[in-house]
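S.K.:
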Amino acid sequence: MVIGKRTAAASISSATPRGPGLPMTDSATGPAAQPRLPLLMANRERPLSPHLQVYNWQVQMVTSILHRATGVVLVVGSLLIVWALLALAAGAGHWASFGGFARSPLGFLILFGWSWALAFHLINGIRHLVQDAGWGYKVETFIRSSWVSVIGSLVLTALIWLIAMAQGGSA
Amino acid sequence: MSTHDKLRTPLKRARGLGSAKDGTHHFIMQRITAIALVVLSIYVIGLVISLIGGDYAAVRTAVANPVHAVLLVAFLVATFWHAQLGMQAIIEDYVHTAWLAVTSQLLVIFVCVLAAIASVLAVIRIALGGA
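Sequences listed follow chains A and B, in order.
Per this note's numbering, the very first residue in the first sequence carries number 1441; after that it's consecutive.
Per this note's numbering, the very first residue in the second sequence carries number 3; after that it's consecutive.
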């Protein structure tokens, strides 16, 4: 028996028409939704494990990896909270130097990015908790809730900064 | 009951800990801290926004408030606990070199624990009014 070459298999799998979307989880659609290869082809060219390069772009992929990415950003960003609290406890001088950093262009950029990461991780985290409870696995629902996470995080970030700027005059 | 269960002793099934010996503990704790953080992070965002524009004394007074101090400490503990659990899963998934995986896991644990201790202690110092 000839074992299919990787390159040949990859090119065939990328040319294979796919359904509306590959499921993020098995329970989303089940095996019935997967395109079935003809038996002959299945014997010759077995599908390799899913590879990023042969996936169609889908919003669920973005929310999935962004949840991890924003998680890492938030871990690093939370060290800023430690700095802020240590400075606040240490005295007015230390607090002023933290404030100076927070108001600098770099500080603003970090705070802005951090606030978006928090907004996204918060909204998408609630989405994950809802899914953990067993809801929201229909494909349409899954896609719609992904968009809610993406757009909702932008809206929430804008809201936070609008209120912050109204509150402080200069953020 | 699947054939899978016939391969396990009743004791093994009763313990429910699986091959990693900690069962669903990681999953459960990640969710508990996540639920806590949904509430606490919204609270902290509100607190921070309300303090924008305030001077040093105003911010210190706010953090010293018992309610704010307690919820801040809860937020900090939940944050760094959740951070460690999340980073652990990411390292387990992406870092396959044994020594690098162990080193980064240790680093994450030490940084998260130290960050939690330092920030909680800072809140306590402020709350107790020490200079």
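Glycine included, each C-beta is placed from N, C-alpha and C at the ideal position.
Remember, it's a predicted structure, so these values are computed and weren't measured experimentally.
Can you list, in chain order, the residues of its chain whose CB lies under 6 Å from that of Arg17 of chain B, leaving out five sequence neighbours each side?
M.R.: Same-chain partners within the cutoff: there are none.
S.K.: Please classify Asn67 of chain B: does DSSP put it in a helix, a strand, or coil?
M.R.: In the structure shown, Asn67 of chain B sits in coil (DSSP, three-state: anything other than H, G, I, E or B).
S.K.: Give me the Cα-Cα distance between Ala120 of chain B and Ala1532 of chain A, rounded to the nearest whole angstrom.
M.R.: For Ala120 of chain B and Ala1532 of chain A, the distance between alpha carbons rounds to 18 Å.
S.K.: Residue range of the alpha helix (DSSP H) that Asn1564 of chain A falls in?
M.R.: Counting along the chain, the alpha helix (DSSP H) containing Asn1564 of chain A begins and ends at 1545-1572.
S.K.: Could you confirm whether any beta carbon from chain B is found closer than 7 Å to the beta carbon of Asn1515 of chain A?
M.R.: A small fix is needed here, since residue 1515 of chain A is Val in this sequence, not Asn. Cβ-Cβ to chain B under 7 Å: yes for Val1515 of chain A.
S.K.: In three-state terms, what does DSSP make of Ala60 of chain B?
M.R.: Ala60 of chain B falls in the helix class under three-state DSSP.
S.K.: Assuming contact is defined by CB atoms lying nearer than 7 Å, are Leu1526 of chain A and Ala124 of chain B in contact in what I supplied?
M.R.: Yes.
S.K.: For His1534 of chain A, collect the residues of the same chain with a Cβ closer than 7 Å to its Cβ; drop the 5 residues on either side in sequence, then sort them by chain order.
M.R.: Once the five neighbours on either side are set aside, the close Cβ partners of His1534 of chain A are Ala1527.
S.K.: When you compare the segment 1506-1519 of chain A with the segment 1555-1563 of chain A, are there three or more beta-carbon pairs, one atom per stretch, that lie closer than 8 Å?
M.R.: With the cut-off at 8 Å, the segment 1506-1519 of chain A and the segment 1555-1563 of chain A touch.
S.K.: Can you give me the start and stop residues for the alpha helix (DSSP H) that Gln32 of chain B sits inside?
M.R.: Where Gln32 of chain B is concerned, the enclosing alpha helix (DSSP H) stretches over 27-53.
S.K.: Could you work out which residues of chain B lie near Ala1598 of chain A, taking near to mean beta carbons separated by less than 7 Å?
M.R.: Result: empty, since nearest Cβ-Cβ is about 13 Å, beyond 7 Å.
S.K.: Taking just the CA atoms, how far does Val69 of chain B sit from Trp101 of chain B?
M.R.: Each residue's alpha carbon lies about 44 Å from the other.
S.K.: Does the CB of Leu1526 of chain A have a neighbour CB from chain B at under 7 Å?
M.R.: True, the Cβ-Cβ gap to chain B drops below 7 Å.
S.K.: Is there a C-beta anywhere in chain A that falls below 7 Å from the one on Arg127 of chain B?
M.R.: At least one chain A Cβ lies under 7 Å of Arg127 of chain B.
S.K.: Quick check on Trp1535 of chain A - is its C-beta less than 7 Å from some C-beta in chain B?
M.R.: Chain B, which has a Cβ nearer than 7 Å to the Cβ of Trp1535 of chain A, makes this yes.
S.K.: So for Thr11 of chain B, helix, strand or coil by DSSP?
M.R.: Three-state result, Thr11 of chain B: coil.
S.K.: Do we get a CB-CB distance below 7 Å when we pair Ala103 of chain B with the residues of chain A?
M.R.: So, not an interface residue.
S.K.: Classify Thr99 of chain B as buried or exposed, calling it buried when 16 or more other Cβ atoms lie within 10 Å of its own Cβ.
M.R.: It counts as exposed.
S.K.: Alpha helix (DSSP H) containing Leu1594 of chain A: first to last residue?
M.R.: Element bounds for Leu1594 of chain A: 1579-1608.
S.K.: Give every residue of the same chain whose Cβ lies closer than 6 Å to the Cβ of Ala66 of chain B, excluding the five residues on either side of it in the sequence, and list them in chain order.
M.R.: Correct list, in chain order: Ile128, Ala129.
S.K.: Quick check on Met89 of chain B: buried or exposed, where buried means 16 or more other Cβ atoms within 10 Å of its Cβ?
M.R.: Met89 of chain B should be labelled buried.
S.K.: Kindly indicate which residue of B:Ala80, B:Val72, B:Gln86 has the alpha-carbon position closest to the one of Thr35 of chain B.
M.R.: Closest by alpha carbon: B:Ala80.
S.K.: My assumption, with CB atoms under 8 Å, is that Leu42 of chain B sits in contact with Leu73 of chain B. Please give the rounded CB distance.
M.R.: Their Cβ separation, rounded to whole angstroms, is 6 Å, which keeps Leu42 of chain B and Leu73 of chain B in contact under 8 Å.
S.K.: Given Ile1600 of chain A, which residues of its chain have a CB within under 8 Å of its CB, disregarding the five upstream and five downstream residues?
M.R.: Ser1555, Ala1559.
S.K.: With 16 as the cutoff for other CB atoms within 10 Å, does Ser1645 of chain A come out buried or exposed?
M.R.: Nothing about residue 1645 of chain A can be reported from this structure: the residues present for chain A run from 1441 to 1611 only.
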